[in-house]
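Basically our numbering = 1-based index in the sequence shown + 155. Each residue gets a CB set at the ideal place from its N, CA and C atoms; glycine is no exception.
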Amino acid sequence: MPYYLSNESYPLAHEPTPEDLRFLEFNLGGRRVVVAEDGAEGTSGETTGPGWRRTVATGNDERVGLGNYINRIKKDKDKEQKERKRPHVQDARSHSPLPQPVVRQRSPPRKKARPSDIYTTAVGEDQSLIPSPLQSPTDSGHVPAQPSLGSGQEMAALFSLPAIVNHFDQLPDKVQQHVLMHLFRRSRMPTIQRVSSFAATALKRDFISLLPQEIAVQVLCKVDVNSLASAARVSRSWRKLVDGERSVWRTRLMEDGLWSGHGVEEEEEKELLRRYEVLDREARRRHKSKAGTPSDDEPMQGANAIGDHPTPYKHIYRRRYTNNQTWLNAKPEHFSFPGHGTHVVTCLQFDEDKIVSASDDHSINIYSTQTGQLRKRLDGHEGGVWALEYKGDTLVTGATDRTVRVWDLETLRQTHLFVGHTSTVRCLQIVEPVLDEATGEYQPPYPMIVTGSRDTSLRVWKLPKKGEPAFEGLSPTAAGLNGGAGDVHAPPEENPFHVHHLEGHTEAVRAVAAHGRICISGSYDKNVRVWDIVKGQCIHVLQGHESKVYSIVYDRFRNRCVSGSMDYAVKIWDLASGECLHTLSGHTALVGLLGASPNYYVSAAADASLRVWDANTAELKHVLSSHAAAITCFQHDETKVVSGSDGTLKLWDIKTGRYVRDLIIGISAVWQVAFHGDRLVVASQRAGSTAFDVFYFGRDVDPVDDPKLERECRPSWERGDPREPQTYQYDVPDTEGDYIDRYRALSVKARSSQIEEVMDEDEHASLEFLEDEMDED
156 MPYYLSNESY PLAHEPTPED LRFLEFNLGG RRVVVAEDGA EGTSGETTGP GWRRTVATGN
216 DERVGLGNYI NRIKKDKDKE QKERKRPHVQ DARSHSPLPQ PVVRQRSPPR KKARPSDIYT
276 TAVGEDQSLI PSPLQSPTDS GHVPAQPSLG SGQEMAALFS LPAIVNHFDQ LPDKVQQHVL
336 MHLFRRSRMP TIQRVSSFAA TALKRDFISL LPQEIAVQVL CKVDVNSLAS AARVSRSWRK
396 LVDGERSVWR TRLMEDGLWS GHGVEEEEEK ELLRRYEVLD REARRRHKSK AGTPSDDEPM
456 QGANAIGDHP TPYKHIYRRR YTNNQTWLNA KPEHFSFPGH GTHVVTCLQF DEDKIVSASD
516 DHSINIYSTQ TGQLRKRLDG HEGGVWALEY KGDTLVTGAT DRTVRVWDLE TLRQTHLFVG
576 HTSTVRCLQI VEPVLDEATG EYQPPYPMIV TGSRDTSLRV WKLPKKGEPA FEGLSPTAAG
636 LNGGAGDVHA PPEENPFHVH HLEGHTEAVR AVAAHGRICI SGSYDKNVRV WDIVKGQCIH
696 VLQGHESKVY SIVYDRFRNR CVSGSMDYAV KIWDLASGEC LHTLSGHTAL VGLLGASPNY
756 YVSAAADASL RVWDANTAEL KHVLSSHAAA ITCFQHDETK VVSGSDGTLK LWDIKTGRYV
816 RDLIIGISAV WQVAFHGDRL VVASQRAGST AFDVFYFGRD VDPVDDPKLE RECRPSWERG
876 DPREPQTYQY DVPDTEGDYI DRYRALSVKA RSSQIEEVMD EDEHASLEFL EDEMDED
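Have a look at this one:
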């Protein structure tokens with residue numbers, strides 16, 4: 156080892172020799188030859204390890220210098236070459252046995268030896284594998300001077316390079332490694348860097364492409380998301396594999412805590428595939444307009460092929476990961492605008508384009524989500540509007556004037572008026588058809604509206620199709636009997652959109668939650684009822700609460716419902732059997748708000764706290780208790796909770812229960828809160844006036860998330876071209892047995908309803924508003 160060289164100039168000068176290069180043994184002409192570094196293991200006997208055994212040198216073994224060993228290899232090669240040139244004569248001598256080596260033989264090097272003038276040593280000379288370049292004694296304190304330019308020694312070294320290279324070719328791999336190790340020890344940093352960069356290219360291997368795809372996928376499943384992003388930039392083949400493998404991103408969703416389960420990802424996957432189809436269709440249209448219309452049998456190429464899109468699971472991961480990071484860590488953009496004067500905002504729903512709000516001032520306002528500009532005020536109700544929901548361009552509202560009204564959000568006009576309730580319409584929901592796994596049919600057979608009223612009943616209506624003739628709810632028969640004096644509303648029996656009148660509750664219906672053909676209602680009569688809205692029958696009466704039921708949510712993932720009551724309790728019910736599975740206690744006041752997501756239930760009460768429950772085990776996970784007054788509104792998902800109370804709007808991490816920050820402070824009350832994607836909309840009261848706040852937790856919008864695709868993506872229950880007028884399935888009678896019996900035996904998935912967020916002041920004195928009583932008893 157060249158200890159006389161400094162580490163600063165020669166970085167590898169003092170690096171120790173690897174153990175496997177300090178002691179080498181070879182077969183040379185049928186004899187065992189040992190080449191060993193000073194101090195290397197090699198006394199006698201054998202050394203063993205897991206899966207290997209090596210016979211070490213004994214005192215009788217011949218030890219030679221490296222130069223002598225190389226010279227012997229050259230002579231053996233020359234001799235072998237001459238033997239090959241002689242005529243082959245087969246005699247008895249050719250069958251004589253070969254001399255036996257001392258130990259196991261190894262085949263001599265296969266490469267052809269060439270003449271050389273390399274320095275060699277005889278047996279008994281210095282046993283160093285690489286002789287000193289200057290053949291001078293070493294001195295740790297003395298560094299030999301470099302030969303002067305043009306000296307004889309330098310010229311001799313240059314002329315010997317071809318011979319050195321030729322001899323190097325004949326060496327076994329281990330000896331080549333040892334020679335290079337000594338050369339690197341004597342090399343300066345620039346030389347090492349150049350060799351390193353030169354060798355790096357040869358050492359690179361496209362192992363992902365060389366491996367069988369199944370194994371390559373398993374490798375990628377073990378890689379974190381940052382490494383996956385880097386791998387996708389290596390080459391097109393790597394990117395195709397990373398982007399297209401569903402199992403890779405499924406694993407990432409699970410291991411990074413972004414997996415919801417219960418079929419949620421599969422539903423999102425189907426929706427994304429429908430959106431991909433729309434994008435492909437638009438791409439084909441552009442292709443045709445630019446290149447002409449191809450023949451029917453001409454294949455479409457390029458980006459319009461569905462296989463060119465990444466797996467939907469990658470997009471699901473990106474969407475969830477980005478939303479979680481921005482919501483919990485980033486500072487959002489924010490703007491506010493006034494609305495509804497000084498009145499209470501009773502309902503709120505929004506999307507990327509518009510904000511729809513209702514108030515006790517009898518109006519419905521439409522605002523721009525981007526700017527907050529008022530687009531239209533919808534007037535028609537004669538009382539406070541307490542229930543609202545829209546799907547697509549169809550808006551349905553219910554009010555204290557006892558009517559249900561349908562509006563076209565594209566034309567911003569009322570299209571239908573339904574009468575029949577005899578008191579305030581307190582709650583409603585639009586119910587879209589879903590696939591009934593038991594029958595293979597979509598139920599209900601067409602979109603419906605379920606309304607609940609203070610008149611103790613529910614009514615089921617058919618949702619008018621877009622473009623259908625307007626219906627003002629007037630009865631020509633009743634008008635004739637009235638002598639034509641004034642407008643007379645048509646009774647429900649004369650309304651072609653009225654389907655069922657559901658009776659059974661004995662007091663006001665406070666909340667409804669529906670999915671498919673199943674609807675659940677909660678009432679002030681302390682009961683929860685389960686209905687079949689296709690047949691108009693009650694399936695179960697769920698009894699157990701000791702006071703009025705104020706809130707209901709439907710857990711479609713487990714075929715359960717959750718109810719909150721003025722008795723401070725939260726109950727979980729099995730909808731197949733009607734049994735109460737759990738009673739969740741802990742609140743000390745009215746539980747007026749409930750929410751359900753795939754893995755969490757959240758309850759909010761007048762005791763100023765929210766409680767997070769494990770939906771699978773019904774165990775209490777967290778108590779969110781930083782508010783100072785009753786919770787008036789909240790919304791949650793699998794990542795966060797946003798809650799409002801008098802004075803503040805707070806953000807929480809639902810997985811840890813950690814309070815993140817206040818989004819709004821210094822306000823009088825928070826009326827409504829709603830978030831979707833990267834936007835949050837809040838209706839509150841400040842300085843005596845009602846205001847809206849819009850928060851944007853910005854991120855880049857992927858083309859597949861473009862809200863404009865909603866109009867092109869038809870729901871799975873619709874038939875025909877989405878660009879044509881909507882055509883719903885016909886109402887086919889149930890002819891395959893009693894549905895109620897099948898329902899009790901089958902766990903049907905159902906969607907969680909929106910949270911009913913308004914409580915009556917007569918039941919909760921701490922709230923700032925009072926439902927406008929217009930009922931005439």
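Contact annotation: Ala-751 and Val-717 have beta-carbon atoms nearer than 8 Å. For the segment 791-824, the full-length beta strand (DSSP E) segments reaching 3 residues or more read 795-800, 803-808, 813-820 along the chain. Thr-743 and Asp-710 have their alpha carbons spaced roughly 24 Å apart. Under the DSSP assignment, Ile-510 falls in the beta strand (DSSP E) whose first and last residues are 509-514.
With the rule of 3 Cβ pairs closer than 8 Å, the segment 661-673 counts as touching the segment 574-587. Contact annotation: the segment 484-493 does not touch the segment 511-518, with fewer than three C-beta pairs closer than 8 Å. Put simply, the backbone Cα of Gly-719 is about 13 Å away from that of Trp-768.
Under the three-state reduction of DSSP output, Ile-707 falls in the strand class. In the structure shown, Ser-740 falls within a coil segment according to DSSP collapsed to helix, strand and coil. Rounded to whole angstroms, the separation of the alpha carbons of Leu-533 and Val-605 is 22 Å. Spatial neighbours of Thr-549 in its own chain (CB-CB distance under 8 Å, excluding positions within 5 residues in sequence) are listed in chain order as Val-561, Trp-562, Asp-563, Leu-564, Ile-585, Leu-618, Pro-619, Lys-621.
The alpha helix (DSSP H) runs of length 4 or more contained entirely in the segment 357-422 are, from start to end of the chain, 362-365, 368-376, 380-386, 391-399, 401-410. Classified as exposed, Tyr-158 has fewer than 16 neighbouring CB atoms from the shown chains inside 10 Å of its CB.
Residue range 328-340 is occupied by the alpha helix (DSSP H) that includes Lys-329. With a contact defined as Cβ atoms closer than 8 Å, Gln-790 and Val-500 miss out at about 15 Å.
In this structure the segment 386-398 touches the segment 370-377; the number of beta carbon pairs closer than 8 Å is three or more. Put simply, the backbone Cα of Leu-529 is about 19 Å away from that of Ala-829. Counting only the Cα atoms, His-660 lies some 23 Å from Pro-599.
When only Cα atoms are considered, Arg-187 and Glu-180 end up about 7 Å apart. Ranking Gly-539, Leu-543, Gly-671 by CA distance to the CA of Leu-590 puts Gly-671 first. Leu-749 places its beta carbon 8 Å or farther from that of Ser-764.
In the structure shown, Met-603 falls within a strand segment according to DSSP collapsed to helix, strand and coil.
For the 8 Å CB-CB criterion, Leu-176 and Met-336 form a contact. If the five residues before and after Glu-774 are omitted, its C-beta is found closer than 8 Å to the C-beta atoms of Trp-768, all from its own chain and listed in chain order. A straight line joining the alpha-carbon of Pro-647 with that of His-571 spans about 13 Å.
Rounded to the nearest whole angstrom, the C-alpha separation of Glu-410 and Glu-420 is 15 Å.
In the structure shown, Leu-697 falls within a strand segment according to DSSP collapsed to helix, strand and coil.
Between the alpha carbons of Thr-481 and Asp-817 lies a gap of roughly 15 Å. About 15 Å separates the beta carbon of His-700 from that of Val-685, a gap too long to meet the 8 Å contact definition. Thr-794 and Tyr-472 have their C-alpha atoms spaced approximately 13 Å apart.
The criterion of a C-beta distance shorter than 8 Å is satisfied by Ala-724 and Leu-739. With distances taken between CA atoms, Lys-546 lies nearest to Glu-587 out of Phe-573, Arg-568, Thr-577, Glu-587.
In this chain, the beta strand (DSSP E) harbouring Ile-519 covers 519-523. Under the three-state reduction of DSSP, Asp-463 is assigned to helix. The continuous alpha helix (DSSP H) containing Leu-316 extends over residues 316-325.
Ile-521 and Leu-483 do not touch by the CB rule: their CB atoms are close to 31 Å apart, not below 8 Å.
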